[in-house]
Structure formats: structure tokens, C-alpha cells
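Asks: The structure follows.
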Amino acid sequence: MQNRTIDIAPSILSADFSCLGDQIKAVERGGAGVLHVDVMDGHFVPNITIGLPVVKSLAGFTSLPLDTHLMISEPGIYATQFVSAGAKMVSVHVEADPHLHRTLMAIKAAGAQAGVVINPSTPVVSVEEALQFADYVLVMSVNPGFGGQKFIPQSIDKVKRLRRMIDERQLNVRIEIDGGIDRNNIETVVAAGAEIIVAGSAIFGTPDAEAAVKELRNATVQWV
Ligand code: DX5
Ligand code: ZN
């Protein structure tokens, strides 16, 4: 765990979409590292959000790298289309893709970072083989589908075990965590080994998204 960079990744799922541009500018000013975009298909998860046209328009608007979290069935069909739309990071759920190697390699060949995501009940060992093909692993600390859910505390130990698995193999794979992260638990998840910290309601659920990002960043400053 050397040379760690901690990135705050605001999730626009909790933003006010009637003024999305303003909200994104606010988190840019706050020092966000990436912008987390939750893509849901109403099939893999029980919610429908946004897709390719929105990613394309955001890519032309913000200087932040777009981190697209695909909560969709058959992500292999769509993953590289998100790269073409401007995403710099594309992650797919291990539970949704029996052909992870192919999908991860295709994302990388298209020019983006490839991530693999695990649900709260999916064991760390399920990504053991895929680690060597991935740029990052996203640990879900809530069940995917909705913002504003309660953090599942067992995720901390899961991040620790994943960190160990990555470090033992001397792989250059970052850990992202997503769901229920706020000012009270961010230090714990970073201490456990997470480096890309997604936060939706803790940022856009407050009256001042810029200040909320700054506060989360300050809470992790000892690690940077
Ligand atoms: C949930 C999404 C998350 C969500 C996080 O399925 O993947 O990215 O926006 O929101 P909070 O931070 O409110 O839990
Ligand atoms: Zn997400």
C-alpha cells in the first residue's frame, strides 16, 4: 500500500438533475478526484437511472474522469460503448458477467481503466483470478440500486481481506468502495485499504456539495 492516492468520487445519483452542471462544478471546486456515474437497467438492479447519452454529454462538460459503475445485465455488450462515450473508468459486476476476462480486456483495449464490482454477499475470493486483469475492484458496501442506504459494517473487514490479497500478489489494483460512506466512516474505510471513495447522499444530500467534498477530503488527509 505504497504511494496511495485517495480520490473522493461524488456519485451523481443523489444530485439534483435539474441543475446537474452546477452540482458537478461544485464538486470540482471541492477537489473531487473522479465523478461516479451509476448506470442501472431495471433488471440487474431494481432501479433505472442513466445511460450512454448522459455520459457523453458529461464527458464534454467536466474535466473529472468519469467512473461509470455498470449495474446492468450483460455488461459485456455495453462496456466499451461507455468508453466510446467518454468514460475513463468502467466497472462491471462479477455477478452479472460470466466472461469477466473478455470484458475487462475489452475495456482496457478501448482505453479506459477496467474495474470489477462485488456485491455485499459476494465473497472476495470470487475476484481472485480476475484481479490480475483489473485496474480496480469496487466493493459494494450497500446492496446496489439506490443511494442513501446504510453502510454495511462488515465491508470494512472485506476491504482489509481484499487489500491483503492484492498486496500479497504485488498487483497494482486499487480498491474503490461504494455505499453509505460519510464523514463518520470514511477514515475507517481508508484505513482498511480503500482508495477511491464514492459518496452520494453525503455530498449531494447536503446544501453545500463543495464543502462536503472538502470535508471528506480533509478527513483522509493523513493518508495522502
Ligand atoms: C448504489 C450506487 C451508489 C450510490 C451511493 O447502488 O452504486 O453509487 O449512489 O450513494 P450513497 O453514498 O448515498 O450510499
Ligand atoms: Zn455506484
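The sequence shown: position 87 = 102 (the working numbering), numbered continuously. For every residue, glycine included, the Cβ atom is placed at its ideal position computed from N, Cα and C.
Tell me whether valine 70 counts as near the ligand ZN, meaning its Cβ is closer than 7 Å to at least one heavy atom of that ligand.
Replies: Indexing the sequence shown from 1 puts residue 70 at position 55. Checking every heavy atom of the ligand ZN against the Cβ of valine 70, none is found closer than 7 Å.
Asks: Taking C-alpha atoms, which residue in Pro80, Thr137 and Asp150 lies nearest to proline 159?
Replies: By one-based count along the sequence shown, residue 159 stands at place 144. Looking at the Cα atoms, Thr137 is the closest of the given residues.
Asks: Starting from serine 106 and walking both ways along the beta strand (DSSP E), at which residues does that stretch end?
Replies: Position 91 of the sequence shown holds residue 106. Element bounds for serine 106: 104 to 108.
Asks: Pull every residue with its beta-carbon under 6 Å away from any heavy atom of the ligand ZN, and keep them in chain order.
Replies: So the residues near the ligand ZN by this Cβ test are Ser26, His51, Asp53, His84, Asp193 and Val213.
Asks: Is it true that the CB of valine 105 sits closer than 8 Å to the CB of glycine 130?
Replies: Position 115 of the sequence shown holds residue 130. Position 90 of the sequence shown holds residue 105. Taking 8 Å as the Cβ cut-off, glycine 130 and valine 105 qualify as a contacting pair.
Asks: What residue from Ile92, Ile181 and Gln38 has the CA that sits closest to histidine 114's CA?
Replies: The sequence position of residue 114 within the sequence shown is 99, counting from 1. It is Ile92 whose Cα lies nearest to the Cα of histidine 114.
Asks: Just how far apart, CA to CA, sit alanine 224 and isoleucine 196?
Replies: Locating residue 224 in the sequence shown gives position 209, counting from the first residue. Locating residue 196 in the sequence shown gives position 181, counting from the first residue. Going from the Cα of alanine 224 to the Cα of isoleucine 196 covers about 15 Å.
Asks: Would the beta-carbon of leucine 35 be found less than 7 Å away from any heavy atom of the ligand DX5?
Replies: As a first step, residue 35 must be located in the sequence shown, where it is residue number 20. Leucine 35: no, Cβ never under 7 Å from the ligand DX5.
Asks: Could you tell me if proline 25 is buried or exposed, where buried requires 16 or more neighbouring beta carbons within 10 angstroms of its beta carbon?
Replies: Within the sequence shown, numbered from 1, the residue matching residue 25 stands at position 10. That one is buried.
Asks: So the beta strand (DSSP E) histidine 303 belongs to, where does it begin and stop?
Replies: Outside the shown range of the chain (16 to 239) lies residue 303, about which nothing can therefore be said.
Asks: Reducing DSSP to helix, strand and coil, say where leucine 146 ends up.
Replies: As a first step, residue 146 must be located in the sequence shown, where it is residue number 131. Looking at leucine 146 - three-state DSSP - the assignment turns out to be helix.
Asks: Would you verify that the beta carbon of alanine 102 is, or is not, closer than 8 Å to some beta carbon of chain D?
Replies: Of the protein chains in the structure, only one exists, and it is not chain D.
Asks: Please state whether DSSP places alanine 217 in a helix, a strand or coil.
Replies: As a position in the sequence shown, residue 217 is number 202, starting the count at 1. DSSP places alanine 217 in helix when its eight states are reduced to three.
Asks: Quick one: using the 10 Å Cβ neighbour count with 16 as the cut-off for buried, is proline 222 buried or exposed?
Replies: Locating residue 222 in the sequence shown gives position 207, counting from the first residue. By the neighbour-count rule (16 or more Cβ atoms within 10 Å), proline 222 is not buried but exposed.
Asks: Is glycine 163 near the ligand DX5, judged by its Cβ being under 7 Å from some heavy atom?
Replies: Counted from its first residue, the sequence shown places residue 163 at position 148. Glycine 163 Cβ: within cutoff of the ligand DX5.
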